[in-house]
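Colleague: Got a structure for you, questions after.
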Amino acid sequence: DAGVIQSPRHEVTEMGQEVTLRCKPISGHDYLFWYRQTMMRGLELLIYFNNNVPIDDSGMPEDRFSAKMPNASFSTLKIQPSEPRDSAVYFCASSLGLAGDHYEQYFGPGTRLTVT
Amino acid sequence: AQSVTQLDSHVSVSEGTPVLLRCNYSSSYSPSLFWYVQHPNKGLQLLLKYTSAATLVKGINGFEAEFKKSETSFHLTKPSAHMSDAAEYFCVVSGQNDYKLSFGAGTTVTVRA
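Residue numbers (my numbering), protein chains in the order written: chain A, 2 to 117; chain B, 4 to 116.
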């Protein structure tokens with residue numbers, strides 16, 4: 002398996018522009034997670050999906066952020082409008098389950114977002 | 004609620020010498036514990052995990068960790084460091100049936116030739 006795939010790997014945009022980050026989870030994984038990593042706050046969970054349905058979006062910072070999972074093999078995280086403080090590395094992860102032996106999250110390589 | 008504390012923000016070792024990365028956890032449940040490694044500009048890779056089976060857990064690349072409930076610790080060790088071990092390491096805890104992983108602040112490992 003190719004692992005979790007994210008695109009783009011790097012994104013530089015100007016403040017106010019819309020940004021869309023993409024993720025393809027590992028085939029067969031029912032859970033998909035979006036994280037943000039910054040120096041100040043470390044790794045933070047933004048939202049997670051189970052079987053394409055958003056379950057917990059309490060980590061989404063504000064209404065400018067939205068995430069969708071139209072099918073089992075694709076998810077997007079959108080920021081509109083983007084702001085400089087959104088600059089971070091955004092990771093997507095997927096897992097088979099939430100407990101026991103199935104509970105390991107596999108992370109993608111991340112998207113480094115810079116908003117100028 | 005659960006949390007982890009990584010006791011060292013930076014560890015520097017010589018190639019061929021042992022590596023010890025310390026992690027203490029706090030959890031209301033029987034925890035699941037993980038160590039992830041992140042190489043520069045890369046994603047997080049799972050090194051090993053503890054999920055209430057054997058307390059000594061062996062992972063990839065010669066790493067192992069021991070779960071000590073009495074000390075609420077899950078320290079990561081490797082007997083002989085390699086240059087390729089230079090990276091950032093995260094200790095992670097989750098509660099029982101709790102998808103929310105709590106990440107430690109990370110320990111940066113530097114390996115000297």
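For glycine and all other residues, C-beta sits at the position ideal for the given N, C-alpha and C.
Going by DSSP in three states, SER35(B) sits in which element: helix, strand or coil?
Modeller: Assigned with DSSP and collapsed to three states, SER35(B) falls in strand.
Colleague: Return the CA-CA distance between GLY19(B) and SER95(A), expressed in angstroms with no decimal places.
Modeller: 35 Å
Colleague: For a minimum of 3 consecutive residues, which ranges assigned as the beta strand (DSSP E) are wholly contained in the stretch 44–94 of chain A?
Modeller: 54–57, 66–72, 75–80
Colleague: Can you tell me which of THR117(A), THR112(A), TYR32(A) puts its alpha carbon nearest to the alpha carbon of LYS79(A)?
Modeller: THR112(A)
Colleague: Please confirm whether LYS52(B) has its beta-carbon closer than 7 Å to some beta-carbon of chain A.
Modeller: yes
Colleague: So HIS78(B) is in the beta strand (DSSP E); what residue range does that whole segment cover?
Modeller: 76–81
Colleague: Under the three-state reduction of DSSP, which class applies to SER29(B): helix, strand or coil?
Modeller: strand
Colleague: Over the uninterrupted beta strand (DSSP E) stretch that includes ALA56(B), give me the two end residues.
Modeller: ALA56(B) -> no beta strand (DSSP E), and no H or E assigned at all.
Colleague: Residues in the stretch 56–71 of chain B with C-beta within 7 Å of chain A's C-beta atoms, listed in sequence order?
Modeller: none
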